[in-house]
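The structure under discussion appears below in the form of structure tokens.
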Amino acid sequence: MKKKKGNRPTDGGGNWMDTYGDMVTLLLTFFIMLYSMSSLSEQKWEIFVRSIYPEDVKEAQEQIDVGGIIDPDAAVEGMKPDELTTDDAEDLNKLYLTIAQRMNENGAEGVTISRGDGYTYVSFNDNVFFNGNESAITESGQRILAAFCSAISPVSDKLSQLNIMAHTAQGDPRRLNNPRVDRMLSAMRGAEVCTFIQEKNVIGPDKLINISYGQFRPAASNDTSEGRAKNRRVEMLLIDEGTAERSISEYIEEYNSGKNADKTVVTGSQNGNADSGFTQTQPSPENIASTMPPSGTEAFAGGETSE
């Protein structure tokens, strides 16, 4: 007669949980170690969160600065020029507002200031600095340029370059300007601005770069007097220290693309409200130049004429 096999003792079905719990604990410890050895930037974290909750992040961005980027609407519309503090004056991300304040205080109308990724771009329109056919800076131009110098002084050690770009307009749409007069006038105007800034001793002279383009980087058509006025410009490109190297053309292209429209202002009470004296604008080849100087690049032999 066969003996019945006895039932094997069981563990009650609970011992496997001990092993599973140990595994989970070890995995958690492993991930904590990985996290402690890694560096997670705020920008990467923002991108991750945005991919999960895009609407929440959009709303939060109106209240919180991420990675040092200021909210442009709050800065331009919510902060008046006279509300800028000493700390603001030393903040590169608010430099464009500081410059706008100084320009507005000194009656410089139509000066466009834009903040981009690692740079600040300033465009002085038409006759801000010069009379027609002249390279000497006018008295009012010296006052405005001195105000510009006072605006950049607190952050000059945080800048790697200050590029001064001078341009002229083509006076006769049917033929090019006289090359010698065109180039000399453009170069002399840029040199006058560069020398003025250097004499103010607000930034290292090794950081000052004078570029003269003549008539060959127009912001608008030379067929009309309005277009030629837009082409007579001096513009300044202030590049932050530590910014990845890019060509001047890349900065200009980005500036004209409208990418930085939310951080672009134009001085002059006629463009904004009476309190702030400046307003936002949409960059474009029509209203935010490519790289050109102030007014008066005219009257060339076979070239520009004053208007």
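For the sequence shown, the residue numbers in the UniProt record's numbering are 1 to 307.
Yeah, the Cβ is synthetic: ideal placement off N, Cα and C, and Gly gets one too.
Handout entry: Contact between the region 136-153 and the region 209-229 (3+ Cβ pairs under 8 angstroms)
Key = Touching, no, given that fewer than three Cβ pairs across the two stretches are closer than 8 angstroms.
Handout entry: Residue nearest to T168 in terms of C-alpha spacing, selected from L162, G132 and G21
Key = Shortest Cα-Cα distance from T168 to any of L162, G132 and G21 involves G132.
Exercise for the section: Buried or exposed for M17, please, with buried defined as at least 16 other CB atoms from any protein chain shown within 10 angstroms of its CB. Expected result: Counting every other CB atom within 10 Å of its CB across the protein chains shown gives M17 a total below 16, marking it as exposed.
Problem - E245 versus Y96 - alpha carbon distance - result: Going from the Cα of E245 to the Cα of Y96 covers about 21 angstroms.
Problem - Status (buried if at least 16 other CB within 10 Å, exposed otherwise) for N260 - result: Buried, by the Cβ-count rule.
Handout entry: Contact check, V234 vs F129, beta carbons under 8 angstroms
Key = Cβ distance < 8 angstroms, so V234 and F129 count as in contact.
Practice task
Identify whether Q198 lies in helix, strand or coil by the three-state DSSP scheme.
Solution key: Reduced to three states, the DSSP call for Q198 is helix.
Problem - Expected contact under 8 angstroms - CB spacing of L159 and I239 to nearest Å - result: Separation of the CB atoms of L159 and I239 is rounded to 7 angstroms, and the pair is thereby assigned contact status at 8 angstroms.
Problem - Closest Cα partner of L176 within the set M184, K207, I209 and F216 - result: Comparing Cα-Cα distances from L176 to each of M184, K207, I209 and F216, the minimum goes to F216.
Exercise for the section: Whole angstroms is fine: what's the gap from Q198's alpha carbon to L237's? Expected result: When only Cα atoms are considered, Q198 and L237 end up about 16 angstroms apart.
Practice task
In angstroms with no decimal places, state the Cα-to-Cα distance between T187 and G214.
Solution key: Note that residue 187 is Ala in the sequence shown here, rather than Thr. So the two alpha carbons sit approximately 8 angstroms from each other.
Exercise for the section: Would you kindly work out how many angstroms separate the C-alpha atoms of E286 and N93, rounded to a whole number? Expected result: Here the model assigns E286 a pLDDT of 39, short of 50, so the residue's position is not dependable, and the following value carries that caveat. About 25 angstroms.
Problem - L208 versus C149: straight-line alpha-carbon distance, rounded - result: The straight-line gap from Cα to Cα measures roughly 12 angstroms.
Problem - For G227, the first and last residue of its enclosing alpha helix (DSSP H) - result: Going by DSSP, G227 is part of the alpha helix (DSSP H) stretching over S225 to N231.
Problem - CA nearest to the CA of E134, picked from D223, F31 and M184 - result: Check the Cα spacing between E134 and each of D223, F31 and M184: the tightest is with M184.
Practice task
Look at the alpha carbon of T138 and the alpha carbon of C194, and state the distance between them as a whole number of angstroms.
Solution key: Spanning the two alpha carbons is a distance of roughly 15 angstroms.
Problem - Buried versus exposed, by CB contacts within 10 Å (16 or more), D117 - result: Looking at its Cβ environment, which holds fewer than 16 other Cβ atoms inside 10 Å, D117 is exposed.
Handout entry: Segments of 4+ residues assigned as alpha helix (DSSP H) that fall wholly inside the UniProt domain "OmpA-like" (117-242)
Key = Listed in chain order, the complete alpha helix (DSSP H) runs (minimum 4 residues) inside the UniProt domain "OmpA-like" (117-242) are 139-152, 179-200 and 225-231.
Exercise for the section: Please state if the CB of I152 and the CB of I211 are separated by a distance shorter than 8 angstroms. Expected result: No, Cβ-Cβ distance for I211 and I152 is not below 8 angstroms.
Practice task
Tell me, please, which residues DSSP counts as bridged to I113.
Solution key: Answer is V122 and V265, bridged to I113.
Handout entry: Close beta carbons around S221, own chain, < 6 angstroms, minus the five adjacent residues each side
Key = Apart from the 5 residues on each side of it in sequence, S221 sits with its Cβ closer than 6 angstroms to the Cβ of G227 in its chain, given in chain order.
Handout entry: Exposed unless 16 or more other CB atoms sit within 10 angstroms - verdict on P173
Key = Using a 10 angstroms sphere on the CB of P173, the tally of other CB atoms stays under 16, which defines it as exposed.
Practice task
Put D91 into one of helix, strand or coil per three-state DSSP.
Solution key: Per DSSP, reduced to three states, the secondary structure at D91 is coil, with no helix or strand assignment.
Problem - Nearest-angstrom Cα separation, counted from E192 out to D206 - result: Rounded to the nearest whole angstrom, the C-alpha separation of D206 and E192 is 16 angstroms.
Practice task
Could you tell me whether the Cβ atoms of T267 and G110 are closer together than 8 angstroms?
Solution key: Yes, they are a contact pair.
Practice task
Name the residue from Y119, G242, P154 and D126 whose alpha carbon lies nearest to the alpha carbon of N163.
Solution key: Ranking Y119, G242, P154 and D126 by Cα distance to N163 puts Y119 first.
Practice task
Keeping to the same chain, check which residues put their C-beta closer than 6 angstroms to that of residue 318; ignore five residues upstream and five downstream.
Solution key: A question about residue 318 goes unanswered here, because the residues of the chain that appear run from 1 up to 307.
Exercise for the section: Could you check the C-alpha separation between P218 and D262 for me, to the nearest Å? Expected result: Straight-line Cα distance between these residues: approximately 24 angstroms.
Problem - N-terminal and C-terminal residue of the alpha helix (DSSP H) that E254 is part of - result: I248 to S257 is the extent of the alpha helix (DSSP H) around E254.
Practice task
Answer with buried or exposed for G242, where buried requires no fewer than 16 other C-beta atoms within 10 angstroms of its C-beta.
Solution key: When all chains shown are included, G242 counts as exposed.
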